[in-house]
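Under our numbering, the first residue of the sequence shown carries the number 11, and numbering increases by one thereafter. Okay, structure first, notes after.
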Amino acid sequence: MTPIKDKSLQTYLDDLASKQPTPGGGSAAALMGAQAAALVGMVCNLTIGKAKYAEVEADMQALLVEAESLRVTLTGMIKADVDVFNKLMACYGLPKASDEEKAQRSAQIQFVLREATDVPLDCAKACAKAINLSRIAAEKGSLGVISDAGVAVMSAYAGLKSAALNVEINAASLKDRAFAEAKLAELQALLKDADQKAHAVYQLVQQKL
Numbered sequence: 011m012t013p014i015k016d017k018s019l020q021t022y023l024d025d026l027a028s029k030q031p032t033p034g035g036g037s038a039a040a041l042m043g044a045q046a047a048a049l050v051g052m053v054c055n056l057t058i059g060k061a062k063y064a065e066v067e068a069d070m071q072a073l074l075v076e077a078e079s080l081r082v083t084l085t086g087m088i089k090a091d092v093d094v095f096n097k098l099m100a101c102y103g104l105p106k107a108s109d110e111e112k113a114q115r116s117a118q119i120q121f122v123l124r125e126a127t128d129v130p131l132d133c134a135k136a137c138a139k140a141i142n143l144s145r146i147a148a149e150k151g152s153l154g155v156i157s158d159a160g161v162a163v164m165s166a167y168a169g170l171k172s173a174a175l176n177v178e179i180n181a182a183s184l185k186d187r188a189f190a191e192a193k194l195a196e197l198q199a200l201l202k203d204a205d206q207k208a209h210a211v212y213q214l215v216q217q218k219l
């Protein structure tokens, strides 16, 4: 089977729109983040080597390394979300004829739900980082591609908020409330100033247009 990241864009979108359960919103959130990282990379590549931006050359080189690493991470999360969702669905399909089977099924569901909470939380963290990288691109990148830094921050922000929904829906089904609340607290820390950060970068880009 062709890995999801190696499918054509048309195939991915067709799968996303279909009745099949995966890919879904979680993988779409990761893709939004990956696009943000890619756009930061684009700004870097179109700034590096230009005499006009020689003063920020080293900064942009370092930013490019971070952006490319983050893009790889988020691209991998597209598949990670699909994998954990499929695992969860498999658990829901376990037999439940006897009390013992019901108990085993419930335990398996709860076990995978922890992973299904962690996967989008990791995506949210990566998207939050993409917002920060977008800011550097907007501050120091070539004015010729400054709008792309704006698209990057909006994509990263959308990925963060989208991943947050998946954290919340899975955390709500966890019986281990201490675990769930700890994960939700991590999420809230990420979301706390995300609106302000993303808006600030967007405004900065608008000012430079």
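We put the beta carbon where it would ideally sit given N, CA and C, even for glycine.
**OP:** Could you spell out the range, first to last residue, of the alpha helix (DSSP H) harbouring residue 21?
**Re:** As a first step, residue 21 is located in the sequence shown; it is residue number 11 there, counting from the start. That run of the alpha helix (DSSP H) goes 19–27.
**OP:** Give the straight-line distance between the Cα atoms of residue 30 and residue 86, rounded to the nearest whole angstrom.
**Re:** Stepping through the sequence shown from its first residue, residue 30 is reached at position 20. Stepping through the sequence shown from its first residue, residue 86 is reached at position 76. If you take the alpha carbons of residue 30 and residue 86, they lie about 20 Å apart.
Original post:
Just checking, does the segment 104–119 make contact with the segment 145–158 on the three C-beta pairs under 8 Å criterion?
Top reply: no
Original post:
Can you tell me whether DSSP reads residue 183 as helix, strand or coil?
Top reply: Indexing the sequence shown from 1 puts residue 183 at position 173. Residue 183 falls in the coil class under three-state DSSP.
Original post:
The alpha helix (DSSP H) spanning residue 97 covers which residue range?
Top reply: Within the sequence shown, residue 97 is the residue found at index 87, counting from 1. Here the alpha helix (DSSP H) through residue 97 covers 67–102.
Original post:
From residue 135 to residue 65, what does the alpha carbon distance come to, in whole angstroms?
Top reply: Locating residue 135 in the sequence shown gives position 125, counting from the first residue. Locating residue 65 in the sequence shown gives position 55, counting from the first residue. The straight-line gap from Cα to Cα measures roughly 30 Å.
**OP:** Could you please give the first and the last residue of the uninterrupted alpha helix (DSSP H) stretch that includes residue 152?
**Re:** In the sequence shown, the residue the question calls residue 152 occupies position 142. Element bounds for residue 152: n/a, residue is neither H nor E.
Original post:
Which of the three DSSP states, helix, strand or coil, is assigned to residue 31?
Top reply: As a working note, residue 31 is residue 21 in the sequence shown. In this structure, residue 31 counts as coil in the three-state DSSP scheme.
Original post:
Once you ignore the five residues that flank residue 161 on each side, which residues in its own chain have a CB closer than 6 Å to its CB?
Top reply: Indexing the sequence shown from 1 puts residue 161 at position 151. These residues qualify, in order along the chain: 49.
Original post:
In angstroms, rounded to a whole number, what distance separates the CA positions of residue 143 and residue 77?
Top reply: As a position in the sequence shown, residue 143 is number 133, starting the count at 1. As a position in the sequence shown, residue 77 is number 67, starting the count at 1. Those two C-alpha atoms are separated by around 7 Å.
**OP:** Kindly list the residues whose CB is nearer than 7 Å to the CB of residue 32, restricted to its own chain and excluding five residues on each side of it in sequence; keep chain order.
**Re:** By 1-based counting over the sequence shown, the position of residue 32 is 22. Excluding positions up to five away in sequence, the list reads 92, 95 and 96.
**OP:** For residue 168, I'd like the list of residues in its chain whose CB is within less than 6 Å of its CB, leaving aside the five on either flank, ordered along the chain.
**Re:** Reading the sequence shown from its first residue, position 158 is the one you call residue 168. Correct list, in chain order: 42.
Original post:
By Cβ distance, which residues of its chain are closer than 6 Å to residue 122, with the 5 residues on each side in sequence left out?
Top reply: Taking the first residue of the sequence shown as 1, we reach residue 122 at position 112. Closer than 6 Å at the Cβ level, and outside the excluded window around residue 122, lie 97, 98 and 101.
Original post:
With DSSP run on the structure shown, which of helix, strand or coil describes residue 156?
Top reply: Counting from 1 along the sequence shown, the entry for residue 156 is found at position 146. In this structure, residue 156 counts as helix in the three-state DSSP scheme.
Subject >> Residue burial classification, residue 37 (beta-carbon count within 10 angstroms, cutoff 16) >> reply: Translated into positions along the sequence shown, residue 37 becomes position 27. With 16 or more other Cβ atoms within 10 Å, it is buried.
Original post:
So residue 207 is in the alpha helix (DSSP H); what residue range does that whole segment cover?
Top reply: Reading the sequence shown from its first residue, position 197 is the one you call residue 207. 204–218 is the extent of the alpha helix (DSSP H) around residue 207.
Original post:
Is residue 40 near residue 104, with beta carbons less than 8 Å apart?
Top reply: For the purposes of this step, residue 40 is taken as residue 30 along the sequence shown, with counting starting at 1. For the purposes of this step, residue 104 is taken as residue 94 along the sequence shown, with counting starting at 1. Taking 8 Å as the Cβ cut-off, residue 40 and residue 104 do not qualify as a contacting pair.
Subject >> Nearest-angstrom Cα separation, counted from residue 109 out to residue 128 >> reply: Mapped onto the sequence shown, residue 128 falls at position 118. Mapped onto the sequence shown, residue 109 falls at position 99. Cα-Cα distance, rounded: 29 Å.
Subject >> Stretch pair the segment 174–181 + the segment 194–205: three plus CB contacts closer than 8 Å >> reply: yes
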